[in-house]
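Heads up: the sequence shown is residues 145 to 556, going by my numbering.
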Amino acid sequence: MTYIDGALLIVVATQGATLVALLILRKRNARAERALRESEERFRLIVDHAPVMMWTARPDTTLDYLNHLCVEFTGLPIEKLRDEGWLDAVHPEDRDSCVGIYTPAIEARTPFVFEYRVRRADGAYRWLLASGIPRYGPNGTYTGYVGCDIDITERRYAEDRIRESRAALEVSHREIRQMAGRLIEAQDAERARIARDLHDDVSQQLAGLSIALSSLKRRMDESHVGDILQTDLRALQQRTTTLAQDVRHLSHDLHPTVLKHAGLVAALASHCAELERSHGTVITCSAGEDFASITSEAALCLYRIAQEALRNVIAHARASRTDVRLLRTGDSVELTITDDGQGFDVTRALERGKGLGLVSITERIRFVGGTVSIVAEANKGTRLQVRVPAHLPLKTDVESSAEVEPRELSPS
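Structure (structure tokens):
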């Protein structure tokens with residue numbers, strides 16, 4: 145009987161301990177649940193006062209929670225926004241694309257970001273940036289999505305203004321290029337007109353004056369006029385002859401007829417030889433083959449560029465030698481002019497807007513859709529390399545891929 149009483153006492157003691165343990169566990173669970181509720185309340189309080197619209201969605205894509213800012217922004221009660229009611233506030237043009245991104249992402253449990261328009265409480269549509277990520281419970285169970293929406297209307301408007309400004313700038317840039325092209329064409333046409341006037345009018349008048357002076361000199365010789373007067377007459381005749389030669393050279397520079405009749409290679413070789421005779425600088429000119437088939441526009445462009453570059457070399461480079469080379473490369477023609485002069489700062493010349501010769505070269509290249517590379521180094525000379533289409537006529541809407549590499553060339 146004593147043994148049984150002991151056993152009963154043990155059982156009663158064990159049951160009491162179990163009950164105490166259960167009471168303690170229940171108290172702890174209640175405390176944890178209360179802490180969780182308080183935490184959730186604090187979280188919802190923070191979320192409701194957050195400066196962005198926040199929401200949560202069930203695994204079936206329907207919304208089960210939206211913060212206060214969602215209600216305030218749309219002007220709709222929470223009951224009308226829950227589930228799929230929020231779609232009523234979406235712009236009709238954006239609903240399909242919105243659902244097309246939102247639903248597959250939630251079903252695939254992948255993050256998403258998209259932009260769409262939502263009707264504000266005042267009836268105006270605003271652009272929102274929506275983003276969401278999947279959420280999981282403490283045990284790893286998928287519970288749906290949490291996301292937020294941010295009003296990006298002002299950013300969108302700013303981007304639209306930037307795009308409009310960029311488009312207007314591109315149009316302006318095209319118009320400037322076209323105007324530059326027309327100015328180049330007008331310049332070449334005016335050069336041709338002046339050259340014709342010089343050749344047909346001024347040169348003929350000078351030739352007539354030279355003949356008259358020669359005839360007068362003969363009559364004076366026959367009349368035995370004094371030596372001083374004859375000397376003055378000879379000097380006047382020589383000046384007239386020199387002036388006539390200068391006018392012919394000017395006419396040739398303005399509109400080289402040899403370019404039209406003999407082609408680019410012959411015209412360029414003749415120009416280099418004339419400069420070498422006039423200025424005492426060694427100028428070599430070499431060319432490959434197959435230049436007869438290039439268009440007159442390409443030939444004139446290359447000739448004018450060579451004229452401008454060689455004028456720079458003579459006036460500024462202080463070079464003792466200059467090499468001019470023409471090369472045909474497929475559908476393009478390449479012109480390279482290299483000198484051993486003092487060079488110049490290309491970047492500085494471009495930034496200052498000086499060097500009209502350099503500007504003229506780059507504008508001509510842009511006009512025909514070619515490329516230009518200028519490489520210069522102090523006291524080591526300059527290399528100008530241009531490439532233009534061999535067959536394409538001049539176009540004012542062709543983009544240029546011109547690149548200017550700092551080195552140094554003399555701006556005129």
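The beta-carbon is built from N, C-alpha and C at its ideal position, and this holds for glycine as well. None of the values given here were measured: they were computed from a predicted structure.
With 16 other Cβ atoms within 10 Å as the buried cut-off, status of residue i
i, result
"E216", "exposed"
"A411", "buried"
"R362", "exposed"
"P555", "Residue placement at P555 is poorly supported in this model, since its pLDDT is 35, which falls under 50; the coordinates are not used for a value here."
"T162", "exposed"
"V532", "buried"
"M145", "In this prediction, M145 scores a pLDDT of 44, lower than 50, which makes its location untrustworthy; no coordinate-derived value is stated."
"Y147", "Below a pLDDT of 50, predicted positions are generally treated as unreliable, and Y147, at 48, falls in that range; the measurement from the model is reported next regardless. Its Cβ having fewer than 16 others within 10 Å, Y147 is exposed."
"R172", "exposed"
"L167", "exposed"
"V490", "buried"
"R378", "exposed"
"H317", "exposed"
"R510", "buried"
"T218", "buried"
Limits of the unbroken beta strand (DSSP E) element including residue i
i, result
"E478", "S476 to D483"
"P278", "Y269 to Y280"
"R465", "R465 to T473"
"A201", "M197 to A201"
"L528", "G525 to P533"
"V290", "Y286 to D295"
"V426", "V426 to A431"
Candidates the options: closest to residue i by CA position
i, options, result
"N211", "D204, R202 and V196", "V196"
"S440", "L412, L471 and K404", "K404"
"E298", "Y280, R310, Y269 and P278", "Y269"
"L454", "A411, A431, L444 and T466", "T466"
"S430", "A459, V468 and L380", "V468"
"L213", "P203, W199 and D204", "W199"
"L444", "R175, R279 and H535", "H535"
"I505", "G487, G485 and V530", "V530"
"R472", "L446, D484 and A459", "L446"
"G407", "Q381, F435, L479 and T425", "F435"
"G513", "V490, P248 and S476", "S476"
"A249", "R202, Q486, L470 and T425", "R202"
"A417", "Q451, S437 and S359", "Q451"
"S354", "T375, A379 and T385", "T385"
"I481", "V426, R383 and R279", "V426"
"P278", "I294, A265, R300 and E251", "E251"
"C242", "V457, D208, D293 and I458", "D293"
"L479", "T491, L231, V490 and A413", "A413"
"G267", "R492, A459, D232 and V315", "D232"
"R264", "D295, R175, V315 and A174", "D295"
"H460", "A442, L502, T428 and S437", "L502"
Cβ-Cβ distance between residue i and residue j below 8 Å
i, j, result
"R508", "I449", "yes"
"L272", "V257", "no"
"E228", "T206", "yes"
"D484", "G432", "no"
"Y260", "A274", "yes"
"A565", "G474", "One cannot answer for residue 565 here, as it falls past the ends of the chain, which runs 145 to 556."
"Q382", "S358", "no"
"L313", "V409", "no"
"R226", "D204", "no"
Span of the alpha helix (DSSP H), counted from its first residue to its last, around residue i
i, result
"R264", "No alpha helix (DSSP H) contains R264, which DSSP labels as neither H nor E."
"V215", "H212 to T218"
"V409", "L408 to H423"
"I449", "S440 to N456"
"E521", "No alpha helix (DSSP H) holds E521; the beta strand (DSSP E) holding it covers T515 to E521."
"D240", "R239 to A252"
"L231", "L231 -> no alpha helix (DSSP H), and no H or E assigned at all."
is_contact[residue i, chain C] using C-beta, thresh 8 Å
i, result
"V519", "Checking the listed chains, one finds no chain C in this structure; it contains a single protein chain."
Contact between the stretch 421 to 430 and the stretch 513 to 521: three or more CB pairs below 8 Å? At 8 Å Cβ cutoff, the stretches do not touch.
Closer than 8 Å is the cut-off here; do at least three beta carbon pairs connect the stretch 299 to 312 with the stretch 219 to 236? The stretch 299 to 312 vs the stretch 219 to 236: no contact.
Are three or more beta carbon pairs between the stretch 277 to 293 and the stretch 223 to 240 nearer than 8 Å? Counting C-beta pairs closer than 8 Å gives fewer than three between the stretch 277 to 293 and the stretch 223 to 240, which falls short of the contact rule.
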